[in-house]
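Residues 29 to 237 in the working numbering are what the sequence shown lists, from first letter to last.
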Amino acid sequence: MSKATTVLVPGVSVTLPPAGNISFEIEQGQRFKMTQPEGEQVADLISFNRDDPRELLSMHGSRAVNLNWKLTKPHVLYSNRTREMWRIDEDLTGENYCGGGYCSEHLNMMRYGEKGKGAPTCQQNLEQAVRGYGMDRWNFNVDACFNVFMTVAYDADGKWEIREAKGKVGDYITMTALMPQIVAISNCPILFNACNNFKLKPLTLEILK
Ligand SMILES: [Zn+2]
């Protein structure tokens with residue numbers, strides 16, 4: 029039995045419902061496609077070297093090698109051992125946040141007060157997604173998270189702010205796995221800020237044939 033929540037069969041797309049989570053495995057050389065059927069929806073993606081999950085995606089490493097903080101096609105994403113994990117092949121939205129991080133209850137409560145208590149979060153989703161591997165939230169960290177389709181402003185005056193998602197209906201990203209990986213994705217459930225434009229929407233996922 030798979031330790032992942034889902035076995036993705038190449039050529040068969042799967043819908044990740046609003047606020048849902050998923051884990052799956054991908055082989056080296058396979059291409060992964062993620063689509064926003066309704067647009068304006070952010071996905072928090074983490075991934076691990078399947079053969080040694082202590083090696084995981086590093087947004088710091090990816091920025092440092094690419095000398096870029098707005099990674100898109102044709103950038104390569106690197107692990108915490110600075111080895112190649114993903115190559116972005118297509119990116120219709122062209123807007124991904126690469127600073128690391130995901131929403132958590134403690135972060136929501138600090139930013140939005142009591143209403144953050146008990147509200148669903150990406151941290152919780154990601155933790156649920158990797159549980160089948162015997163992993164928990166301490167097996168990953170904010171640096172491992174690629175915020176696909178998320179818009180964050182770095183204004184000249186120093187302001188850092190999550191802004192409205194820009195994904196249009198049907199926009200997608202495709203990425204080639206450059207090592208065998210365990211992938212976990214949270215369909216971001218946050219409604220406290222403009223991240224998902226105040227409405228949660230589905231995503232569709234597929235390993236291409
Ligand atoms: Zn989130």
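No residue lacks a Cβ here, since even glycine has one placed at the ideal position from N, Cα and C.
- Between Asn108 and Ser86, the beta carbon gap of about 4 Å places them in contact (Cβ cut-off 8 Å).
- Asp119 and Thr202 have their alpha carbons spaced roughly 7 Å apart.
- Counting C-beta pairs closer than 8 Å gives three or more between the segment 60-70 and the segment 200-218, which meets the contact rule.
- In the DSSP assignment, Leu231 falls within the beta strand (DSSP E) that extends over 231-235.
- Taking 7 Å as the cut-off, the beta carbon of Glu234 is found closer than this to the beta carbon of Lys61.
- Counting only unbroken stretches of 4 or more residues, the alpha helix (DSSP H) elements lying wholly within the segment 63-123 are 87-94, in sequence order.
- When C-alpha distances from Ala47 are compared across Val197, Asn153, Leu73, the shortest belongs to Asn153.
- The Cβ atoms of Leu231 and Glu112 lie no closer than 7 Å to each other.
- Rounded to whole angstroms, Phe168 and Gly144 show a C-alpha spacing of 22 Å.
- Distances from the alpha-carbon of Ala181 to those of Thr110, Phe174, Trp97, Asp199 put Trp97 closest.
- Shortest Cα-Cα distance from Arg115 to any of Asn49, Glu142, Thr100 involves Thr100.
- Looking only at Gln209, Asn225, Gln151, the smallest Cα-Cα distance to Gln56 is reached by Gln209.
- Residues whose Cβ lies closer than 7 Å to any heavy atom of ligand 1, listed in chain order: Val70, Asp72, Tyr130, Cys131, Thr149, Cys150, Ser214, Cys216, Pro217, Ile218, Cys223.
- In the three-state reduction of the DSSP assignment, Tyr182 falls in the strand class.
- The beta carbons of Ala172 and Asn49 sit about 15 Å from each other, so the pair does not count as a contact at 8 Å.
- Counting of Cβ neighbours within 10 angstroms places Arg139 among the exposed residues, the total staying below 16.
- In this structure, the alpha-carbon of Met178 lies about 13 Å from that of Tyr200.
- Taking a C-beta distance under 7 Å as the contact criterion, Tyr161 and Lys31 qualify as a contact pair.
- For Asp199, the secondary structure class from DSSP, reduced to helix, strand or coil, is strand.
- The three-state secondary structure of Lys61, taken from DSSP, is strand.
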